[in-house]
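Visitor: Okay, here's the structure, questions in a sec.
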Amino acid sequence: MLLIAVLFLGGATYAMMSMRARSMPENVSLAQLSGAELENDPDLLVVDIRTPDEWKQTGVVRDALLVTYTGPEAFLEAVNARKLPQQKMTLICRSGNRSSKAARQIAEMVEGDVIDVAGGMTRVLREGYRAVKPTREMGCVVCD
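Under the UniProt record's numbering, think of the first position of the sequence shown as 1, with each following residue one higher.
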């Protein structure tokens, strides 16, 4: 019985992720990037779209740009000022829900690829990533 429940939940999770990936705009991809990949790939501009309280609670990916997502226009204005032409905009939130919605909203407004980090910071931290303290330099205006 337990095995059936585990298989069902695993299958349901896979089905939801597959449906979510299929319904994304062409320039948006869902990727299960590791903390090391997020931190070390120069072709990714990691943008943490959570709130300052969330950043302070769990920490953030080293060198991430911290911009709370409230809507596409203000968000893109803040992000485009820091994005290099070759970089893929890589969005991360707590669980992947907000980053998925944000990626879909901005997809047609950006040139290049947008990556939605599957499972968000919750997954990245669960896999053992050691987050860093958010700073003003990263974009946290209420941080030290």
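C-beta: ideal position from N, C-alpha, C; glycine also. Note that this is a predicted model, so its numbers are computed, not measured.
1. Which residues in the same chain have their Cβ closer than 6 Å to the Cβ of ALA102, if we skip the five residues on either side of it in sequence?
2. Could you give the C-beta distance for GLY96 and GLY119, rounded to a whole number, given that I count them as a contact under 8 Å?
3. Report yes if the C-beta distance between GLY59 and VAL142 is below 8 Å; otherwise report no.
4. Report the three-state DSSP secondary structure of residue 145 (helix, strand or coil).
5. Alpha carbon to alpha carbon, how far is ARG62 from LEU76? Give it in angstroms, no decimals.
6. Can you tell which of ARG136, GLY128, LYS83, ASP144 has the C-alpha that lies nearest to the C-alpha of LEU33?
7. For the UniProt domain "Rhodanese" (40-133), list the alpha helix (DSSP H) runs that are entirely contained and at least 4 residues long, ordered along the chain.
8. Going by DSSP, what residue range makes up the beta strand (DSSP E) through LEU30?
9. Could you give the DSSP three-state label for GLU137: helix, strand or coil?
10. Starting from the C-beta of TRP55, find all residues in its chain whose C-beta is less than 8 Å away, skip the five residues before and the five after it, and write them out in chain order.
Guide: This is what the structure gives:
1. Same-chain partners within the cutoff: ILE49, TYR69, LEU91.
2. Confirmed, about 5 Å.
3. No, they are not a contact pair.
4. This structure does not reach residue 145, given that the chain is present from 1 up to 144, and the question cannot be answered.
5. The straight-line gap from Cα to Cα measures roughly 21 Å.
6. Closest option to LEU33, Cα to Cα, is GLY128.
7. Taking 4 residues as the minimum length, the alpha helix (DSSP H) runs contained wholly in the UniProt domain "Rhodanese" (40-133) are 52-58, 72-80, 97-106, 120-126, in order along the chain.
8. Looking at the DSSP string, the run of the beta strand (DSSP E) that includes LEU30 is 28-31.
9. Looking at GLU137 - three-state DSSP - the assignment turns out to be coil, as it is neither helix nor strand.
10. Result list for TRP55: ASP48, LEU66, PRO134, CYS140, CYS143, in chain order.
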